[in-house]
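First the structure, in the form of structure tokens, and then the observations on it.
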Amino acid sequence: MEMTFRWYGANEEKIKLEEIRQIPAMKGIVGTLMDIPVGEVWPKERIKALKEEIEAAGLTLKVIESVNVHDDIKIGLPSRDQYIENYKQTIRNLAEFGIEVICYNFMPVFDWVKSDLDYRLEDGSSTLAYVAADIPEDPEEIIKKVENSSNEFELPGWEPERLSQVKALFEAYKDVDEAKLRENFAYFLKAIIPTCEEVGVKMAVHPDDPPYSIFGLPRIVKNREDLDWLCNVVDSPYNGITLCTGSIAEDPANDVYAIMAEFCKRDRIPFAHVRNIKFIQDKDFYEAPHKSEYGSLDMFKILKAMHDNGFDGYIRPDHGRMIWGETGRPGYGLYDRALGAVYLNGIWEALEKAN
Ligand SMILES: [Mn+2]
310 MEMTFRWYGA
320 NEEKIKLEEI
330 RQIPAMKGIV
340 GTLMDIPVGE
350 VWPKERIKAL
360 KEEIEAAGLT
370 LKVIESVNVH
380 DDIKIGLPSR
390 DQYIENYKQT
400 IRNLAEFGIE
410 VICYNFMPVF
420 DWVKSDLDYR
430 LEDGSSTLAY
440 VAADIPEDPE
450 EIIKKVENSS
460 NEFELPGWEP
470 ERLSQVKALF
480 EAYKDVDEAK
490 LRENFAYFLK
500 AIIPTCEEVG
510 VKMAVHPDDP
520 PYSIFGLPRI
530 VKNREDLDWL
540 CNVVDSPYNG
550 ITLCTGSIAE
560 DPANDVYAIM
570 AEFCKRDRIP
580 FAHVRNIKFI
590 QDKDFYEAPH
600 KSEYGSLDMF
610 KILKAMHDNG
620 FDGYIRPDHG
630 RMIWGETGRP
640 GYGLYDRALG
650 AVYLNGIWEA
660 LEKAN
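According to my numbering, the stretch in the sequence shown is residues 310 to 664, in order.
Below is the structure:
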């Protein structure tokens, strides 16, 4: 297990690599090139520069989150073949600089959805929340809402230029149901996984967030059956999962502990996002402090499922609250994620020593 921290790049961040380096036992950065438009090849010189910058700070770059998948691939347009070729070239370019895992998702239109990016907890901290009644019916409203509470930071998967066309995007997806989306996903995986096998890069799909349909959009990475389908459609250790405990557990019907155990055992989890959520009522929840007692998930049980089933990949605290007066990109402050990382490392040390 190796602890990592998501970082958006010097031009996109107020958090410095030197600060991340001071988090005890923090080893690596989960990096990205946010300004490369979706569908374009990531240039080698940019990857090289990113890697050198991170290594100069005493950290490693082994995981990329995300290389986003162009909508034409998800919709299944003829232009997808060119975008798939570009994706394969990006995989090759990343491999050349030692990248081992690429996190991505296969969600139409929206990367993730929350109703509130500044949900206040009793202790005065601020977190992300999903309250179904607060999700507007019109997707344009949720875009405005998210943009207005982003503290001026671009949020991952919420590229303003793409979402300015949201009506056209919904129109383009109108004939894409779950079956069609699955067919397009299989087409994509069958095309890229041989390249991954050749160059040694593991693909790791992030589950849908939330793991059920919203705005009438199809969802195909939402439960144990979907993950089983994924593993079987291209049966390769290079076709894996970013098991995000928060996202999977947002549907209370999902047994996050059993799912974690099964897919670790099957060696399909090269990367994990570990966070806690607290249910408010029904499926409504907020993102809680990592420690078990603050949320609805048992973090010891999650890490034990990983530990006992041979997890040897990368892990990161997923999101964090805003605490101690920090302001920044919602979900991605320094302090609470650092606390989460140290807490998770503490549980892991106990698991190792108890063996
Ligand atoms: Mn996640």
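Where is the CB? At the ideal position from N, CA and C, for every residue including glycine.
Where Phe479 is concerned, there is no enclosing beta strand (DSSP E), although the alpha helix (DSSP H) around it starts and stops at Val475 to Ala481. With a cut-off of 6 Å, the C-beta of Cys553 is classified as near ligand 1, since at least one heavy atom of the ligand falls inside that distance. As computed with DSSP, Pro626 is found in a beta bridge with Val583. With 16 or more other Cβ atoms inside 10 Å of its own Cβ, Glu322 counts as buried. For Gly640, the secondary structure class from DSSP, reduced to helix, strand or coil, is coil.
Assignment of Met512 by DSSP, reduced to helix, strand and coil, places it in the strand class. With a threshold of 6 Å, the Cβ atom of Asp427 does not count as near ligand 1, since no heavy atom of the ligand is closer than that.
In this chain, Ala558 is not harboured by any beta strand (DSSP E); it is covered by the alpha helix (DSSP H) spanning Thr554 to Ala558. Distance between Asp420 and Ile501, taken at the CA atoms: about 21 Å. Here Ile529 is near Asp535, since their CB atoms are less than 7 Å apart. Excluding its 5 nearest sequence neighbours in each direction, Asp484 has no C-beta neighbour in its own chain below 8 Å. Within the region 315-339, the alpha helix (DSSP H) runs of at least 4 residues that lie entirely inside it are, in chain order, 326-330.
Counting along the chain, Lys360 sits inside the alpha helix (DSSP H) bounded by residues Lys353 to Ala365. At a threshold of 6 Å, Ser556 counts as near ligand 1, since its beta carbon sits closer than that to one of the ligand's heavy atoms. Secondary structure at Leu526: coil, using DSSP grouped into helix, strand and coil.
When distances are taken from the beta-carbon of His582 to the heavy atoms of ligand 1, the shortest one is below 6 Å.
At least one heavy atom of ligand 1 lies less than 6 Å from the C-beta of Asp627. By the Cβ neighbour-count rule, Ala488 is exposed, with fewer than 16 other Cβ atoms within 10 Å of its own.
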